[in-house]
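Report on the structure given below.
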Amino acid sequence: MPARVCLCFSEHFSSEAVKSLQVEMIGFVFLLRLLVSIRPGAEALDNGLALTPTMGWLHWERFMCNIDCDKDPENCISERLYMQMADMMVKEGWREAGYEYVCIDDCWPSHQRDAQGRLQADPKRFPGGIKKLAEYIHSKGLKLGIYADVGKNTCAGYPGSLGHYETDAQTFADWNVDLLKFDGCFMDWTLLGEGYTNMSTALNQTGRSILYSCEWPLYEWPFKKPNYTAIRETCNHWRNYNDVDDSWSSIKSILDWTASHQDTIVPPAGPGGWNDPDMLVIGNFGLSHDQQESQMALWAIMAAPLLMSNDLRHICPRSKGLLQNRRIIEISQDPLGRQGFCTIKVDNFEVWERPLSHKRLAVAVLNRQETGGPRGLVIRAVPGWKICDPQCNVTQILPEYRELGVQSPKSKVVLSVNPSGTALVTLTPISSRFNMYELQKQETIL
Ligand code: GLA
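What follows is the structure, given as structure tokens:
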């Protein structure tokens, strides 16, 4: 059943109800003003990469540490898996939609380093080696990502990079790798900063452009508030919170953590450095279609890397359409590069807003009530609606595309949102001067 949204010009939201919504939003409006006035203070890692959030595919959530290629050759962690995903990315329009990086996660290496102390791929599962795989991925117009760990071992127990940062950075550069996801298991937390910084320097010194994806703050939070200025100078994106899994409760917990830490984590995000709420699990088993739309909309609002972890060989057309929705991807990749945030929580709705280029605004209204049917939120209750004075053009993107036309502060538009679903709209302000011009033009035509 396609999700339904109705555009209701209804009177069932009394002016009292709107007033009480406005009272509840005051605190959030304050936060909105505060954040709008803050630019990323710190310099981003100066490698010219990730000027907009990274897009691609990463194996972990869907394929985990499946190394049994005898029993499960289709799904085990092997060169074949990445080659097939790359083929699909070209054939099925993913590359064209903007998905670029094909990324290996844990469980790719051999348990032993080679005689020169270098990491090596498991010879049985990667007979051609990583360099050959990179060549294949590049021949498809895509980029290759790899995984390592700042500590003694990776989270799944493979060799870590501690004591080998320079060697490993050089090995990845020699293999023509384009991205490194650097995990933080098996590391004394007091040495995390030093480890992540040293690897950043080592990557830089190879002279190859390697996008650097960190988990530094995730491993530091249990002990101290991370220094996001340093993190932004060191990494192109950084994980803050737990691993995503294929469930709505996991998505909700990530959103809740993000909203409750937004004053700390939103200001440092911007071109070159992004918060990473982890992979998109759209196209798997655990989320309803409404919930998949919520993940896609909110990840775009959060300016999150869009790294899918799913099986591109078997994905339903509806999930594929959502992941390739160009209007949502445009929000994600907006050149202004500001991360959105939660501006109001009211009546079991959460409103998230992201400032876009040309003074536009993206607004996601998430219905957190998981009982009953669709519920409506009057659009003028959205804090950022003030940009619609005197008028703005409203485009709805989710759950269905529709032009809602020119609206003004007293608009009666109500967004109807399914339980655990999200309505996504953009607001484009129209200046009064422009209106006058339009009016004159129309009068001339008439
Ligand atoms: C950690 C990371 C995950 C994944 C696994 C691999 O849990 O947070 O994203 O890389 O390790 O073992």
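In this text, residue positions in the sequence shown follow numbering that gives the first Met the number 0: the first is 0, and each later residue adds one.
Think of the CB as a built atom: it goes at the ideal place given N, C-alpha and C, for glycine as much as any other residue.
{"query": "Three-state secondary structure assigned by DSSP to Lys-251", "result": "helix"}
{"query": "Neighbourhood of Trp-174 by C-beta distance below 6 angstroms, restricted to the same chain and skipping five residues each side", "result": "Ile-129, Lys-130, Ala-133"}
{"query": "Cβ-based burial, Thr-263 [other Cβ within 10 Å; buried from 16]", "result": "exposed"}
{"query": "Closest Cα partner of Pro-316 within the set Leu-44, Gly-206, Gly-92", "result": "Gly-92"}
{"query": "Same chain, Cβ closer than 7 angstroms to Leu-33, neighbours up to 5 away in sequence not counted", "result": "For Leu-33, the predicted model reports a pLDDT of 46, less than 50, meaning its position is unreliable; a value from the coordinates is still stated below. Closer than 7 angstroms at the Cβ level, and outside the excluded window around Leu-33, lies no residue."}
{"query": "Proximity test, Trp-59 beta-carbon vs the ligand GLA heavy atom, cut-off 7 angstroms", "result": "yes"}
{"query": "Burial state of Arg-325 (16 or more Cβ within 10 Å)", "result": "exposed"}
{"query": "Cross-strand partners of Lys-180 (DSSP beta bridge)", "result": "Tyr-146, Ser-212"}
{"query": "DSSP three-state assignment for Asn-197, whether helix, strand or coil", "result": "helix"}
{"query": "Uninterrupted alpha helix (DSSP H) stretches inside the segment 115–147 (no shorter than 4 residues)", "result": "128–138"}
{"query": "Counted within 10 angstroms of its Cβ, other Cβ atoms place Thr-200 as buried (16 or more) or exposed", "result": "exposed"}
{"query": "Same chain, Cβ closer than 7 angstroms to Leu-20, five either side skipped, listed in chain order", "result": "Residue placement at Leu-20 is flagged as unreliable, the pLDDT there being 49, under the threshold of 50; the coordinate-derived value follows with that caveat. The residues are Val-345, Ala-380."}
{"query": "Nonlocal neighbours in the same chain, by C-beta distance under 6 angstroms from Gln-504, ignoring five residues either side", "result": "The question about residue 504 has no answer here: the residues shown for the chain are numbered 0 through 445."}
{"query": "Check: Asp-346 C-beta below 7 angstroms from any heavy atom of the ligand GLA", "result": "no"}
{"query": "Presumed contact (8 angstroms Cβ cut-off) between Leu-57 and Ser-308, rounded CB distance", "result": "5 angstroms"}
{"query": "Cα-Cα separation between Thr-257 and Asn-74, rounded to whole angstroms", "result": "32 angstroms"}
{"query": "As assigned by DSSP and simplified to three states, the class of Glu-352", "result": "strand"}
{"query": "Alpha-carbon to alpha-carbon, Glu-369 and Met-0", "result": "For Met-0, the pLDDT reaches just 34, beneath the cut-off of 50, and the residue's location in the model is therefore unreliable, although a value from the coordinates is still provided. Cα-Cα distance, rounded: 18 angstroms."}
{"query": "Contact test: Asp-104 Cβ vs the ligand GLA heavy atom, cutoff 7 angstroms", "result": "yes"}
{"query": "Spatial neighbours of Gln-291 in its chain, beta-carbon cut-off 7 angstroms, leaving aside the 5 residues before and after", "result": "Ile-281, Ser-318, Leu-321"}
{"query": "Entirely enclosed alpha helix (DSSP H) segments - the segment 60–102, minimum 4 residues", "result": "78–90, 93–96"}
{"query": "Neighbourhood of Val-22 by C-beta distance below 7 angstroms, restricted to the same chain and skipping five residues each side", "result": "Bear in mind that a pLDDT of 40 at Val-22, under 50, signals an unreliable position, so the number given afterwards is only what the model happens to contain. Here the set comprises nothing."}
{"query": "contact_flag[the segment 71–87, the segment 229–245] where n(CB pairs < 8 angstroms) is 3 or more", "result": "no"}
{"query": "Helix, strand or coil at Gln-338 [DSSP, three-state]", "result": "coil"}
{"query": "Own chain residues within Cβ distance below 6 angstroms of Ile-250, not counting five before or after", "result": "Gln-294"}
{"query": "Coil, strand or helix - Asp-113 by DSSP", "result": "coil"}
{"query": "Beta strand (DSSP E) runs wholly inside the segment 229–310, at least 3 long, in chain order", "result": "236–238, 273–275, 305–307"}
{"query": "Beta bridge counterpart(s) of Ser-415 as assigned by DSSP", "result": "Gly-375"}
{"query": "Cβ neighbours of Gln-261 in the same chain (closer than 7 angstroms, five flanking residues each side left out)", "result": "Phe-340, Cys-341"}
{"query": "Residues near Leu-306 by beta carbon distance below 6 angstroms, same chain, minus five either side", "result": "Gly-55, Leu-57, Met-278"}
{"query": "Cut-off 7 angstroms between Cβ atoms - residues of its own chain near Asp-104, not counting five sequence neighbours on either side", "result": "Leu-57, His-58, Trp-59, Tyr-146, Lys-180"}
{"query": "Counted within 10 angstroms of its Cβ, other Cβ atoms place Pro-52 as buried (16 or more) or exposed", "result": "buried"}
{"query": "Among Leu-118, Ser-208, Asn-203, Gly-159, nearest to Met-186 - alpha-carbon criterion", "result": "Gly-159"}
{"query": "Span of the beta strand (DSSP E) around Gln-390", "result": "390–397"}
{"query": "Closest residue to Cys-64 among Met-88, Lys-90, Pro-418, Cys-106 (Cα-Cα distance)", "result": "Cys-106"}
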